[in-house]
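Data first, discussion second: the structure below is written as C-alpha cells.
Numbering (our numbering), first residue to last: 964 to 1083.
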C-alpha cells in the first residue's frame, strides 16, 4: 500500500449532552505527518448547525494518485440533517481547505447515521 498523509473522520458532539445516541457535528482532517487537525462544522443552507453522517473522501479526477502533494485534492461528502427545519442535505467540503463548497437540498429526510458509501 501507499503511505497516507491525511485521515478524515467525523467528530462526536459534546458528550455532556444527554442524547439517546451520539451525534456527529464536525468533519475532521488529520495531518498524520504534521500532527495537526482541521475541523469543519457545516451549517445548513439556513445557517443552522447540522447532525452529520459518515463522511467519505472523493478524489478529484484531476488528482495524480502517485503524487503525494495531491493526496487531499478532492472533496469530502456526507449527508446532514438540520433539526430546526427537519431538512436533509448533502454537504460537499473541499478536502484541501476544509471549507464547505456546496449544500445540496434533498427532498426526503435522510436518517441520522446513514452510511456514505455502498458497493454495487
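Glycine included, every Cβ here is placed at the ideal spot set by N, Cα and C.
Predicted model only: the values in this text are computed from it and were never measured.
**Request:** Report all residues from its chain with a CB closer than 8 Å to the CB of residue 968; omit the five preceding and five following residues, and keep chain order.
**Result:** In the chain shown, the residue the question calls residue 968 occupies position 5. Contacts found: 994, 995, 996, 1031, 1034, 1035.
**Message:** DSSP three-state label for residue 996, please.
**Reply:** The count along the chain shown starts at 1 and reaches residue 996 at position 33. Taken through DSSP and simplified to helix, strand or coil, residue 996 comes out as coil.
**Request:** Hey, could you find the ends of the beta strand (DSSP E) residue 1068 is sitting in?
**Result:** Sequence index remark: in the chain shown, residue 1068 carries index 105 (1-based). Here the beta strand (DSSP E) through residue 1068 covers 1062-1069.
**Asked** Can you tell me whether DSSP reads residue 989 as helix, strand or coil?
**Response** For the purposes of this step, residue 989 is taken as residue 26 along the chain shown, with counting starting at 1. Three-state DSSP puts residue 989 in a strand.
**Message:** Within the continuous beta strand (DSSP E) that includes residue 980, where are the two ends?
**Reply:** The residue you call residue 980 lines up with position 17 of the chain shown. That residue, residue 980, is in no beta strand (DSSP E); it is neither H nor E in DSSP.
**Request:** Determine, using beta carbons only, whether residue 1056 and residue 1043 come nearer to each other than 8 Å.
**Result:** Here the question's residue 1056 lines up with position 93 in the chain shown. Here the question's residue 1043 lines up with position 80 in the chain shown. No.
**Prompt:** Could you check where the beta strand (DSSP E) with residue 1052 kicks off and where it finishes?
**Reply:** As a first step, residue 1052 must be located in the chain shown, where it is residue number 89. First-last of the beta strand (DSSP E) with residue 1052: 1050-1057.
**Prompt:** Should residue 1065 be labelled buried (16 or more other beta-carbon atoms within 10 Å of its own) or exposed?
**Reply:** As a working note, residue 1065 is residue 102 in the chain shown. So residue 1065 ends up on the exposed side.
**Contact set for residue 998: own chain, Cβ-Cβ below 7 Å, skip 5 residues either direction** = Here residue 998 refers to the residue found at position 35 when the chain shown is read from its first residue. Taken in chain order, the list of residues that qualify is empty.
**Request:** Round the Cβ separation of residue 977 and residue 1013 to the nearest angstrom and send it over; I've been treating them as touching at under 8 Å.
**Result:** Translated into positions along the chain shown, residue 977 becomes position 14. Translated into positions along the chain shown, residue 1013 becomes position 50. By a beta-carbon distance limit of 8 Å, residue 977 does not contact residue 1013. Their separation comes to about 15 Å.
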